[in-house]
Amino acid sequence: MQSQKQFKRRFSFEFFPPKTDQGKEKLQVVRDQLAGVNPDFFSVTFGAGGSTRDRTIETVLNLHKQGISTAPHLSCVGGTREEIAELLDLYKENGINRIVALRGDMPSGMGASGEMRYANELVEFIRQHSGDHFNLEVAAYPEFHPQARNAEEDLKNFARKVEAGANSAITQYFFNPESYFYFIDRLEKMGVTIPVVPGIMPIVNFSSLVRFSDMCGAEIPRWIRKQLEAYGDDSVSIRKFGEEVITRMCEKLLEAGAPGLHFYTLNQAEPSISIWKNLGISEREKIAF
Ligand code: FAD
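Take 502 as the starting number for the sequence shown in the numbering used here and just add one per residue.
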């Protein structure tokens, strides 16, 4: 973990672009609550194949102009170089200087894979097209990507993104900090030293957590699964337990030298803010944890 300690800590919150007017109003309230703790940036997801293109742009520009730097996610599957270049220019013109660059997953049934196959090609393309304008974040998988041929290949593929010009990374969420520590150690041994910020998924609902985790390959440890199962429909107990477990994990990560945290908010403020407050991040000026 030594390499990570040199980096300034940064804290961020991720949203998805709302579909309805009601969703937009709700996100505004969530944005205001989260802006109150002064994060370093917000980010907004992008549906692979461009399915949320316009909504992502609208949400990013709207959040960005309200004063907290906002990073669009951008995935390359299903897109052409021309379409991606257009988006990069639009973001640059609007003062956006950070992008989360991804491959994405095409929804099943939508065949075309586009002109770029992997995120390292997207990073390379962004560097060719926009030079050093954007700070580029990429995805990292401490428990390995579900489609990876094997762990070694996945680490090498991560390194390709760094070689192509990624500045930092955000991880898929995990509940086992050891997987993150091991991942960082492996990167150090490979000489790959960029900030790798843990992605944090607050636990608020058991069935949706299981569904998400199955899709993205995040493992829910047996003791967490069993405890959540035992609470049944008791959402108050689920949230309380989830808050304790995730707070404890974040403490461990920060104490070991993780260079910040990125919260998957699912457009809810309260679960992330409770963890943030338990950690005392604002009071400790973010860097002096
Ligand atoms: P890659 O880094 O390209 O890796 C994908 C797979 O291909 C891995 O198994 C890797 O080992 C392999 N691979 C990589 N490069 C090569 C290569 N050159 N040759 C052979 N094999 C290779 N999805 C969305 O659709 N929209 C979002 O907004 C979004 N946001 C995300 C944010 C974060 C922080 C994270 C962690 C994930 C996000 N995802 C999002 C999910 C992500 O798109 C999927 O996990 C996707 O399957 C992989 O994207 P990637 O950028 O990690 O791909």
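All C-beta atoms in this analysis are idealised placements derived from N, C-alpha and C, irrespective of residue type, glycine included.
The model shown is predicted, which means the values in this text are computed figures rather than measured ones.
For residue 698, decide whether its Cβ has a neighbour in chain C, counting only Cβ atoms nearer than 7 Å.
Judged by its chain identifiers, the structure shown contains no chain C, having just a single protein chain.
Please give the ranges of any alpha helix (DSSP H) in the segment 685-768, keeping only runs that are unbroken, at least 4 residues long and fully inside the region.
If we require 4 residues or more, the alpha helix (DSSP H) runs fully inside the segment 685-768 come out as 707-717, 723-732, 736-757.
Among 662, 543, 548, which has the Cα closest to the Cα of residue 768?
Residue 543 is the option with its Cα nearest to residue 768.
Per DSSP, residue 536 is paired with what?
Answer is none; residue 536 lacks a bridge partner.
So, is residue 673 buried or exposed, given that buried needs 16 or more other C-beta atoms within 10 angstroms?
It is buried - the Cβ of residue 673 has at least 16 other Cβ atoms within 10 Å.
I want to check one thing, is the minimum distance from the CB of residue 715 to the heavy atoms of the ligand FAD below 6 Å?
Taking non-hydrogen atoms of the ligand FAD into account, the C-beta of residue 715 is found less than 6 Å away from none of them.
Output the residue ranges of the alpha helix (DSSP H) runs that lie fully inside the segment 612-650 and measure 4 residues or longer, sorted by chain position.
Restricting attention to alpha helix (DSSP H) runs no shorter than 4 residues, the segment 612-650 encloses them at 620-631, ordered along the chain.
Rounded straight-line distance, which links the Cα of residue 755 to that of residue 790
With a pLDDT of only 41 at residue 790, under 50, the local geometry of the prediction cannot be trusted, and no value is derived from it.
Distance cut-off 6 Å: residue 768 Cβ against heavy atoms of the ligand FAD:
Taking 6 Å as the cut-off, the C-beta of residue 768 does not count as close to any heavy atom of the ligand FAD.
Please classify residue 523 as buried or exposed, where buried requires at least 16 other C-beta atoms within 10 Å of its C-beta.
Residue 523 is classed as exposed because its beta carbon has fewer than 16 other beta carbons within 10 Å across all chains shown.
Can we count residue 621 as close to the ligand FAD, meaning its CB is less than 6 Å from some heavy atom?
Checking every heavy atom of the ligand FAD against the Cβ of residue 621, one is found closer than 6 Å.
Taking residue 588 as the reference, which of 536, 782, 573 has the closest Cα?
Comparing Cα-Cα distances from residue 588 to each of 536, 782, 573, the minimum goes to 573.
Let's test the definition: count the other Cβ atoms within 10 Å of the Cβ of residue 621 and tell me whether it reaches 16, buried, or not, exposed.
So residue 621 counts as buried.
Rounded distance between the beta-carbons of residue 774 and residue 603, thought under 8 Å
The pair is not a contact, with the Cβ atoms about 26 Å apart (cut-off 8 Å).
Could you tell me if the beta carbon of residue 615 falls within a distance shorter than 6 Å of some heavy atom in the ligand FAD?
Closer than 6 Å to some heavy atom of the ligand FAD: that does not describe the Cβ of residue 615.
Cβ contact (3+ pairs, closer than 8 Å) linking the segment 682-695 and the segment 639-658
With a cut-off of 8 Å on Cβ pairs, the segment 682-695 is in contact with the segment 639-658, counting three or more such pairs.
Euclidean distance between Cα positions of residue 564 and residue 516
In a straight line, the C-alpha of residue 564 is about 10 Å away from that of residue 516.
For residue 556, count neighbouring C-beta atoms within 10 Å of its own C-beta (all shown protein chains included) and say buried if the count is 16 or more, exposed if not.
Label assigned to residue 556: buried.
Cβ shell of residue 514 (< 7 Å), same chain only, five flanking positions each side left out:
Closer than 7 Å at the Cβ level, and outside the excluded window around residue 514, lie 535, 540, 543, 764, 766, 773.
Do residue 615 and residue 579 have their C-beta atoms within less than 7 Å of each other?
If you check the CB distance, residue 615 and residue 579 come in under 7 Å.
CB residue 698 to CB residue 761, shorter than 7 Å?
Yes. Within cutoff.
Would you list the one or two residues that DSSP bridges to residue 516?
In the DSSP output, where bridge partners are listed per residue, residue 516 has 545.
Could you compute how far the alpha carbon of residue 537 sits from the alpha carbon of residue 749?
Approximately 23 Å between the Cα atoms of the pair.
DSSP three-state assignment for residue 553, whether helix, strand or coil
Residue 553: coil per DSSP, three-state reduction.
Alpha helix (DSSP H) segment containing residue 660, residue limits:
Per DSSP, the unbroken alpha helix (DSSP H) holding residue 660 starts and ends at 652-665.
Cβ atoms of residue 656 and residue 687: under 7 Å apart, would you say?
When the beta-carbon positions are compared, residue 687 and residue 656 come within less than 7 Å of each other.
Could you name the residues that DSSP lists as bridge partners for residue 573?
DSSP output for residue 573 lists 545 as bridge partner(s).
Proximity winner among 533, 783, 753, 507, relative to residue 678 (alpha-carbon distances)
It is 753 whose Cα lies nearest to the Cα of residue 678.
Looking at C-alpha atoms only, which residue of 590, 585, 571 is the closest neighbour of residue 599?
The residue with the shortest Cα to Cα distance from residue 599 is 571.
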